[in-house]
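Have a look at the structure below before the remarks.
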Amino acid sequence: NAGVTQTPKFRVLKTGQSMTLLCAQDMNHEYMYWYRQDPGMGLRLIHYSVGEGTTAKGEVPDGYNVSRLKKQNFLLGLESAAPSQTSVYFCASSPPLGGGTQETQYFGPGTRLLVL
Amino acid sequence: GEDVEQSLFLSVREGDSSVINCTYTDSSSTYLYWYKQEPGAGLQLLTYIFSNMDMKQDQRLTVLLNKKDKHLSLRIADTQTGDSAIYFCAEKTGFQKLVFGTGTRLLVSP
Chain D
1 NAGVTQTPKF RVLKTGQSMT LLCAQDMNHE YMYWYRQDPG MGLRLIHYSV GEGTTAKGEV
61 PDGYNVSRLK KQNFLLGLES AAPSQTSVYF CASSPPLGGG TQETQYFGPG TRLLVL
Chain W
1001 GEDVEQSLFL SVREGDSSVI NCTYTDSSST YLYWYKQEPG AGLQLLTYIF SNMDMKQDQR
1061 LTVLLNKKDK HLSLRIADTQ TGDSAIYFCA EKTGFQKLVF GTGTRLLVSP
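Going line by line, the protein sequences match chains D and W.
Counting from 1, position 93 in the first sequence corresponds to residue 93 in this note's numbering; the numbering is continuous, with no gaps.
If you want this note's numbering, it's the position in the second sequence, counting the first as 1, plus 1000.
Right, dumping it as structure tokens:
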């Protein structure tokens, strides 16, 4: 199993350009997540999905949109990139995080985005 | 609030023990986790502990949980240069979500 994969690994955008980050998982997980990681700020949740066709806002959703058309894929879109969106983006997936199990999130390798 | 706090940086010498600390907030958290992030990579699950346990040992790793103080620690025995990474603690809250700490950067010098 490949686990969680992300495409692309690295991208440079100009301010105002748009792009889509792709996340794919082959673990048949129901839940998927997008985070951004910035120095000294840990991981911040952008959007998440608890199943195919559903999405929800996380901690920092502004400027991003997501779609979960297929269970195995979770797309993160930037419609008009801004320099403040320069970051490392991580996708994760998990089974439902019921309190009675040790199930947790599994992460992709990240996408480094630079917005000039 | 849902702040999970960690110190930002820890430096140790190879062969010493490292102790990384974490303070969480939700007393109803069921599981607590430690993740490792190596340079240029994603987060990898290292270990976890159930909230009714005080300690869990896994080879060089020892996890201690003080539920009264909401304090979690990760001890790495005989720290190696390959242990240099960022370590994140995370709690699974009563709302069935994971809340991550800010990460502790461990630097191991020869």
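All C-beta atoms, glycine included, are put in the ideal place defined by N, C-alpha and C.
Please read these numbers as outputs of a predicted model, since none were measured by experiment.
Exposed or buried, what is residue i when buried is set at 16 or more other beta-carbons lying within 10 Å of its beta-carbon?
{"i": "D:ALA24", "result": "buried"}
{"i": "W:GLN1080", "result": "exposed"}
{"i": "W:GLN1044", "result": "exposed"}
{"i": "D:ALA119", "result": "In this structure chain D extends from 1 to 116, so residue 119 of chain D is not present and cannot be described."}
{"i": "W:SER1017", "result": "exposed"}
{"i": "W:ASP1111", "result": "Past the edges of chain W, shown from 1001 to 1110, lies residue 1111 of chain W, and the structure says nothing about it."}
{"i": "D:VAL12", "result": "exposed"}
{"i": "W:GLY1001", "result": "Because W:GLY1001 carries a pLDDT of 48, less than 50, the predicted location of this residue cannot be relied on, and the following value inherits that uncertainty. Exposed: under 16 other Cβ atoms inside 10 Å."}
{"i": "W:GLN1059", "result": "exposed"}
{"i": "D:ALA92", "result": "buried"}
{"i": "D:PHE90", "result": "buried"}
{"i": "D:LEU168", "result": "A question about residue 168 of chain D goes unanswered here, because the residues of chain D that appear run from 1 up to 116."}
{"i": "D:LEU97", "result": "buried"}
{"i": "D:GLY53", "result": "exposed"}
{"i": "W:VAL1099", "result": "buried"}
{"i": "W:GLY1101", "result": "buried"}
{"i": "D:PHE74", "result": "buried"}
Where does residue i fall in DSSP's three states?
{"i": "W:ASP1058", "result": "strand"}
{"i": "W:THR1093", "result": "coil"}
{"i": "W:SER1073", "result": "strand"}
{"i": "W:THR1081", "result": "helix"}
{"i": "D:GLN85", "result": "helix"}
{"i": "D:ASN1", "result": "coil"}
{"i": "W:ASP1005", "result": "Before going further, note that residue 1005 of chain W is Glu rather than Asp in the sequence given. In the structure shown, W:GLU1005 sits in a strand (DSSP, three-state: E or B)."}
{"i": "D:LEU93", "result": "Before going on, a small fix: residue 93 of chain D reads as Ser here, not Leu. D:SER93 falls in the strand class under three-state DSSP."}
{"i": "D:ASN73", "result": "strand"}
{"i": "D:GLN17", "result": "coil"}
{"i": "W:LYS1068", "result": "coil"}
Do you know how far the Cα of residue j is from the Cα of residue i?
{"i": "W:HIS1071", "j": "D:GLN105", "result": "21 Å"}
{"i": "W:MET1053", "j": "W:LYS1067", "result": "9 Å"}
{"i": "D:MET19", "j": "W:ASP1069", "result": "45 Å"}
{"i": "W:LYS1056", "j": "W:VAL1108", "result": "23 Å"}
{"i": "W:LEU1061", "j": "W:SER1029", "result": "21 Å"}
{"i": "D:GLY40", "j": "W:GLY1103", "result": "8 Å"}
{"i": "D:PHE107", "j": "D:TYR64", "result": "19 Å"}
{"i": "W:ALA1085", "j": "W:THR1023", "result": "19 Å"}
{"i": "W:TYR1087", "j": "D:PRO8", "result": "25 Å"}
{"i": "D:ALA82", "j": "W:SER1051", "result": "41 Å"}
{"i": "W:CYS1089", "j": "D:SER94", "result": "17 Å"}
{"i": "W:LEU1106", "j": "D:HIS29", "result": "31 Å"}
{"i": "D:ILE46", "j": "D:GLY77", "result": "11 Å"}
{"i": "D:VAL4", "j": "D:GLY42", "result": "20 Å"}
Taking the continuous beta strand (DSSP E) assigned at residue i, which residues delimit it?
{"i": "W:TYR1035", "result": "1031-1037"}
{"i": "D:LEU43", "result": "43-49"}
{"i": "W:THR1047", "result": "1043-1050"}
{"i": "W:ARG1105", "result": "1104-1109"}
{"i": "D:SER67", "result": "65-67"}
{"i": "D:MET32", "result": "31-37"}
{"i": "D:ASN28", "result": "Note, D:ASN28: premise wrong, no beta strand (DSSP E); not H, not E."}
{"i": "D:LEU116", "result": "Neither: D:LEU116 is in no beta strand (DSSP E) and is coded neither H nor E."}
**Report entry** Inter-stretch contact (C-beta, 8 Å, three-pair minimum) for the segment 52-72 of chain D and the segment 31-39 of chain D
**Finding:** yes
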